[in-house]
Amino acid sequence: MKKALRTAYCSLLTAYFLLLTVNCLAADSVITFYSIPTPVSFSVSITTDTNGTVWFAQLNTNKIASLNTETSVFKEYSIPTAKSYPTDIVSDAKGIIWFAQQDANQIARFDPKTSNFQEYESPTPQSQPSRLAIDKTGGIWFTEFFGNKIGRLLPSTGKFKEYSIPTPMSQPIGITVDNKRIVWFVESQGNKLGRLNPSNGEIKEFPIPFPFCVPNEIALDKKGNIWISARKDRKLLMFNPASSKFKDFTLPGKGVPEGISVDENNNIWYADKRGSKVGRLNPDTGEFLEFNIGIANGQPFDITIGQKNSVLFTELVDNKIGKINASLLSKRQQDTSTLSISLDGQQKDLLKQGH
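Numbers given in my numbering equal positions in the sequence shown, counted from 1, plus 5.
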């Protein structure tokens with residue numbers, strides 16, 4: 006009996022170390038890094054434009070910047086308003102770059118063709134515009150973290166409209182707009198998901214069933230589901246608008262999700278700042294795939310999907326932009342095949358006992 010248990014233990018241990026080796030090889034082969042020219046830029050937000058150019062906001066240096074991943078060429082642009090604290094960046098259908106200036110209380114427009122900036126003052130003083138989303142008509146939606154409102158800027162007129170959130174001091178942060186022009190946002194302090202119908206101005210709130218989970222970012226998948234990163238509970242939350250029900254997926258290990266994005270295959274990607282990883286969730290199977298980014302104490306922060314289903318993310322410690330090549334990832338998975346280990350209670354005890 007002891008011999009059989011010892012044999013089982015050795016087999017499990019061998020498989021375990023093989024799994025670690027396969028995971029490390031996969032991560033090393035598919036991640037490319039690009040060093041940001043300005044040191045300690047603290048690049049917290051990232052997006053791509055219609056041409057596939059990568060854009061990101063530099064919090065510390067008061068700049069926005071672009072990266073051509075084909076040529077590895079960066080371009081940096083100083084923001085006119087000093088100490089504006091750019092917290093989010095998006096690109097519209099015409100390739101115009103929009104970004105939130107939290108401390109300047111502004112929404113800003115940048116034209117890459119002319120390098121011209123235009124800044125728009127938010128109507129509510131010290132509202133702290135935090136995150137942005139663009140609807141299909143080109144309207145710019147944003148959360149007011151301290152203003153406790155959802156704002157909209159019409160680029161054609163330069164005029165704003167604001168909607169007060171029912172929950173006081175809710176501290177709205179992540180925001181997105183669905184195909185029906187319904188605006189969705191998360192309340193980091195209110196611990197709720199909000200739904201705004203622009204046609205009548207009505208806001209409906211859905212309490213998140215995990216108390217004080219610190220909801221942060223938000224994304225919309227191909228099926229119309231809303232995804233939320235819950236930092237304290239280390240979860241990805243899915244909300245189905247049709248049923249008004251939440252479903253949770255707990256990250257492996259002790260990861261904390263920051264930025265999230267959805268790829269063309271409906272996989273949910275997230276940046277795990279605390280775990281120094283980038284991860285992917287398959288919502289249909291509930292399976293996670295994580296990559297250690299290979300930087301000591303690295304801090305991946307925001308994440309987006311680029312051309313050819315590539316995954317791009319900002320890294321704070323080494324001041325880099327990372328790129329995961331999805332085509333290489335698929336090839337690596339085919340070459341190595343997926344190795345998974347499922348341990349029952351007795352097998353887990355064997356590993357703990359070491360005999």
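Built from N, CA and C at the ideal position, the CB exists for glycine as well. Since this is a predicted model, take the numbers as computed values, not measurements.
If you draw a straight line from the Cα of K259 to the Cα of F296, it is about 14 Å long. Judged by DSSP in its simplified three-state form, N314 adopts helix. Distances from the CA of K240 to each of L72, N196, P220 were compared; the closest alpha carbon is that of P220. Residues of the same chain with a CB within less than 8 Å of the CB of G163, apart from the 5 flanking positions on each side, are Y125 in chain order.
In this structure, the alpha-carbon of W274 lies about 34 Å from that of S161.
By DSSP's assignment, N202 forms a beta bridge with E207. When the alpha-carbon of Q106 is set against those of L64, P177, E210, G100, the nearest one is in L64.
Beta-bridge partners of S169 (DSSP): K154. In the structure shown, V322 adopts coil according to DSSP, grouped into three states. Counting the other CB atoms within 10 Å of its CB gives V78 a total below 16, which places it among the exposed residues. If you look at N121, you'll find it in the beta strand (DSSP E) that goes 121–126. Between the region 242–262 and the region 152–159 there are fewer than three inter-stretch CB-CB distances shorter than 8 Å, so the stretches are not counted as touching.
For A224, the uninterrupted beta strand (DSSP E) segment begins and ends at 220–225. Taking a contact to require three or more Cβ pairs closer than 8 Å, the region 114–132 and the region 172–186 do not qualify as touching. Taking a C-beta distance under 9 Å as the contact criterion, V191 and P203 do not qualify as a contact pair. For A331, the secondary structure class from DSSP, reduced to helix, strand or coil, is helix.
Short of 7 Å from the beta carbon of G311, and not among the five residues preceding or following it, lie these beta carbons of its own chain, in chain order: T53, G57, V59, L317. Secondary structure of V45 (DSSP, three-state): coil.
In the displayed model, V35 falls within a helix according to three-state DSSP. A straight-line Cα-Cα distance of about 18 Å links S96 and Y90.
DSSP places P134 in the strand class (E or B) of the three-state scheme.
A Cβ-Cβ distance of about 12 Å is found for the pair A331 and S266, leaving them out of contact under the 8 Å criterion. Closest in C-alpha terms to L201, from the list S193, E210, A70, V35, comes E210. Counting C-beta atoms within 10 angstroms of its own C-beta, A138 has 16 or more neighbours from the protein chains shown and is therefore classed as buried.
Distance from the CA of G179 to the CA of K252, rounded to the nearest whole angstrom, comes to 18 Å.
Contact between I36 and I298 holds: CB atoms are separated by about 6 Å, below the 8 Å threshold.
Scanning its chain for C-beta atoms nearer than 7 Å, with the 5 sequence neighbours on each side dropped, one finds around T66 the residues T43, S46, in chain order. Closest by C-alpha distance to F215, out of G195, G229, N230, is G195. Here S120 is exposed, its C-beta having fewer than 16 other C-beta atoms within 10 Å. Considering only A301, N184, N272, D289, the residue with the shortest C-alpha distance to R279 is A301.
Each residue's CA atom was taken as its position, placing W232 and D268 some 13 Å apart. The beta carbon of K88 is closer than 8 Å to those of N67, D108, A109 in its chain, skipping five residues each way along the sequence. Cα atoms of Y82 and F115: separation of roughly 10 Å, rounded to the nearest angstrom.
For L294, the three-state secondary structure derived from DSSP is strand. In the three-state reduction of the DSSP assignment, M174 falls in the coil class, being assigned neither a helical nor a strand state. For A113 and K227, the gap between their C-alpha atoms comes out near 29 Å.
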